[in-house]
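Chemist: I'd like to ask you about the structure that follows.
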Amino acid sequence: MKETTAIAHPNFALVKYWGKKDSNQNRPAMSSISITVDSMQSKTKIFKNKLSNCHQFFINGKEETDLSRIYPSLFYLSEISKSDDYLVIQSENNFPTSSGLASSASGIASFVTAYDAHYDLNLEMSNKIEACILGSGSAPRSLIGGFVLMDHKNNYSCTQVLSKADWPVDVLICLASKETKKISSRQGMEISKRTSPLYQDWLCRNDKDISLALEAIKEKDMSRLENVTEENCNFMHEVMKTSKPPIIYMNEVTHSCVAEIENLRASGHKLFYTVDAGPQIKIICDPKSTNTIKDTIAQKTDVIDIIHTGLGGSPRIIDEN
Ligand code: PMV
């Protein structure tokens, strides 16, 4: 029986999207810039379901009863493949799921990559982007390695700004909690769009933040990238906090990491942080400082774990036999 397996890596936004174009679409209302990382990964295997007339979806070995997240991408792809196969989709993450570590982005990107290869579709990039967006607005960025721009004014085109080889920064993911998030990003974005008095300002600053970040990345300027990334992240968390009800993803451990990052910076290390829809804090740093940063954060805060990774590449098919 034919089985196809693909691996994709999560990505973390430096200039973030938080808000959709309109509520029944899954399209981001703004552009974003992210980094795709390497050692963290989603591995998704697909094959025809010979045992039952339904699609079955497993995450880390557990069957999901709610397929609403994967269906839009699956239906979009089956329109192209003209296949009426029922599939078994088995996805595994080698990192915590649904806790602000972008498992939905890498999960969907690995599924789309596996589907494309399984049915020999040779999809255009624009079709892969569309299939990904239907599952997760940030997933298209996982189709490309390194620093990636997703441009909402150009049909969500995704382009690499710099590769890992161009600027091999290190990434430290500090786990502040292993709990799954209580408010999904999809719900949170909807609440913020409806209720936050800062939402319009958030939309308006996107163009400026994108161009500042693009310049800083192209010039490999860590301190300019730090300014725009941290300001963008903190503004997004203000939008979340000023929503009704307030949405708070950071916890005490996140805040203690921020304090240590500021101390490390004051003593000359090159690093900056970003935080998504969860308490985990991601540190981007000069590899010369990685060990000192890792030891300091481990000793001075209550982080559960620190995952050390670098920039990664695009998804790939693997042969498991
Ligand atoms: O599209 P989602 O559900 O993966 O939302 C991503 C939201 C953030 O991670 C907070 C920001 C971003 O651009 O990745």
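Residue numbers (this note's numbering): 312 to 632. Quick reminder that beta carbons are idealized off the backbone N, C-alpha and C, glycines included. Note that the coordinates shown come from a computational prediction; the quantities given were computed from them, not determined experimentally.
Are three or more beta carbon pairs between the segment 547 to 562 and the segment 578 to 589 nearer than 8 Å?
Modeler: Cβ pair count under 8 Å is three or more, so yes.
Chemist: DSSP state of Q401, grouped into three classes?
Modeler: As a position in the sequence shown, residue 401 is number 90, starting the count at 1. If DSSP states are grouped into helix, strand and coil, Q401 belongs with the strands.
Chemist: What did DSSP end up calling K475 once you bin it into helix, strand or coil?
Modeler: Here residue 475 refers to the residue found at position 164 when the sequence shown is read from its first residue. Note: K475 maps to coil in three-state DSSP.
Chemist: Does at least one heavy atom of ligand 1 sit under 7 Å from the Cβ of G448?
Modeler: The count along the sequence shown starts at 1 and reaches residue 448 at position 137. Yes; taking the cut-off as 7 Å, the Cβ of G448 has a heavy atom of ligand 1 nearer than that.
Chemist: According to DSSP, which residues form a beta bridge with T585?
Modeler: Numbered from its first residue, the sequence shown carries residue 585 at position 274. Looking at the DSSP assignment, T585 forms a beta bridge with K593.
Chemist: Would you check if there are 3 or more beta carbon pairs closer than 8 Å linking the segment 386 to 404 to the segment 600 to 610?
Modeler: In short, these stretches do not touch, since the Cβ pair count stays below three.
Chemist: Kindly indicate the opening and closing residues of the beta strand (DSSP E) around S503.
Modeler: As a first step, residue 503 must be located in the sequence shown, where it is residue number 192. Looking at the DSSP string, S503 is not in any beta strand (DSSP E); the run it does join, the alpha helix (DSSP H), is S496 to T506.
Chemist: Quick one: complete alpha helix (DSSP H) runs, 4+ long, within the segment 328 to 402?
Modeler: For the segment 328 to 402, whole alpha helix (DSSP H) runs of length 4 or above, ordered along the chain, are 382 to 392.
Chemist: Can you give the beta carbon distance from A324 to S345, rounded, assuming they're within the 8 Å contact cut?
Modeler: Mapped onto the sequence shown, residue 324 falls at position 13. Mapped onto the sequence shown, residue 345 falls at position 34. A324 to S345, Cβ: 4 Å. Contact.
Chemist: Have a look at M551, Q591 and N543 and flag the residue whose alpha-carbon is nearest the alpha-carbon of S618.
Modeler: Indexing the sequence shown from 1 puts residue 618 at position 307. First, the residue type needs correcting, since residue 618 is Ile and not Ser in the sequence shown. Measuring from the Cα of I618, the nearest candidate turns out to be Q591.
Chemist: Between V348 and G623, which are expected to be in contact by the criterion C-beta below 8 Å, what is the C-beta distance as a whole number of angstroms?
Modeler: What you label residue 348 is simply residue 37 of the sequence shown in a count that begins at 1. What you label residue 623 is simply residue 312 of the sequence shown in a count that begins at 1. Right, the Cβ-Cβ distance comes to about 5 Å (below 8 Å), so this counts as a contact.
Chemist: Kindly indicate the opening and closing residues of the alpha helix (DSSP H) around I615.
Modeler: Residue 615 sits at position 304 when you count from the first residue of the sequence shown. No alpha helix (DSSP H) contains I615, which DSSP labels as neither H nor E.
Chemist: Should R497 be listed as close to ligand 1, given that the test is whether its C-beta is under 7 Å from any heavy atom?
Modeler: The residue you call residue 497 lines up with position 186 of the sequence shown. Yes, since a heavy atom of ligand 1 falls inside the 7 Å radius drawn around the Cβ of R497.
Chemist: Tell me the rounded alpha-carbon separation between V564 and V614.
Modeler: Here residue 564 corresponds to residue number 253 of the sequence shown, with the count starting at 1. Here residue 614 corresponds to residue number 303 of the sequence shown, with the count starting at 1. When rounded, the distance between both Cα atoms is 6 Å.
Chemist: Our contact map puts A317 next to A428 with C-beta atoms below 8 Å; I'd like the distance itself, whole angstroms only.
Modeler: If you number the sequence shown from 1, residue 317 lands on position 6. If you number the sequence shown from 1, residue 428 lands on position 117. With 8 Å as the limit, A317 and A428 qualify as a contact, their Cβ atoms being about 7 Å apart.
Chemist: Give me the residue from S421, L432, A524 and K493 with the minimum Cα distance to V459.
Modeler: The residue given as residue 459 occupies position 148 in the sequence shown. Comparing Cα-Cα distances from V459 to each of S421, L432, A524 and K493, the minimum goes to A524.
Chemist: Alpha carbon to alpha carbon, how far is G456 from K356?
Modeler: Stepping through the sequence shown from its first residue, residue 456 is reached at position 145. Stepping through the sequence shown from its first residue, residue 356 is reached at position 45. When rounded, the distance between both Cα atoms is 21 Å.
Chemist: I want to check one thing, is the minimum distance from the CB of A340 to the heavy atoms of ligand 1 below 7 Å?
Modeler: The residue labelled residue 340 in the question sits at position 29 within the sequence shown. Because no heavy atom of ligand 1 lies under 7 Å away, the Cβ of A340 does not count as near it: no.
Chemist: With 16 as the cutoff for other CB atoms within 10 Å, does T690 come out buried or exposed?
Modeler: Examination of residue 690 is not possible in this model, given that the chain is present from 312 through 632 alone.
Chemist: Fully enclosed by the segment 413 to 438, which alpha helix (DSSP H) runs are 4 residues long or longer?
Modeler: Correct list: 414 to 429.
Chemist: What do you reckon, are the CB atoms on G621 and P479 nearer than 8 Å?
Modeler: One-based indexing of the sequence shown puts residue 621 at position 310. One-based indexing of the sequence shown puts residue 479 at position 168. It is a contact, given that the beta carbons lie within the stated cut-off.
Chemist: On the CB-based measure, 16 or more other CB atoms within 10 Å of its CB, does D481 come out buried or exposed?
Modeler: The sequence position of residue 481 within the sequence shown is 170, counting from 1. Per the 10 Å Cβ criterion, buried.
Chemist: Once the 5 residues before and after R452 are set aside, which same chain residues still bring their CB inside 8 Å of it?
Modeler: By 1-based counting over the sequence shown, the position of residue 452 is 141. Result list for R452: N322, A324, S343, S345, T347, A416, V459, M461 and C469, in chain order.
Chemist: Buried or exposed for F386, please, with buried defined as at least 16 other CB atoms from any protein chain shown within 10 angstroms of its CB.
Modeler: Counting from one through the sequence shown, the residue named residue 386 turns up at place 75. Exposed, by the Cβ-count rule.
Chemist: Which residues in the same chain have their Cβ closer than 6 Å to the Cβ of S350, if we skip the five residues on either side of it in sequence?
Modeler: Stepping through the sequence shown from its first residue, residue 350 is reached at position 39. Contacts found: T620.
Chemist: Quick check: is any heavy atom of ligand 1 less than 7 Å from the C-beta of Y328?
Modeler: Locating residue 328 in the sequence shown gives position 17, where the first residue counts as 1. Yes, since a heavy atom of ligand 1 falls inside the 7 Å radius drawn around the Cβ of Y328.
Chemist: Cβ of I381 within 8 Å of Cβ of G448?
Modeler: Residue mapping note: residue 381 aligns to position 70 of the sequence shown, counting from 1. Residue mapping note: residue 448 aligns to position 137 of the sequence shown, counting from 1. Cβ atoms of I381 and G448: not closer than 8 Å.
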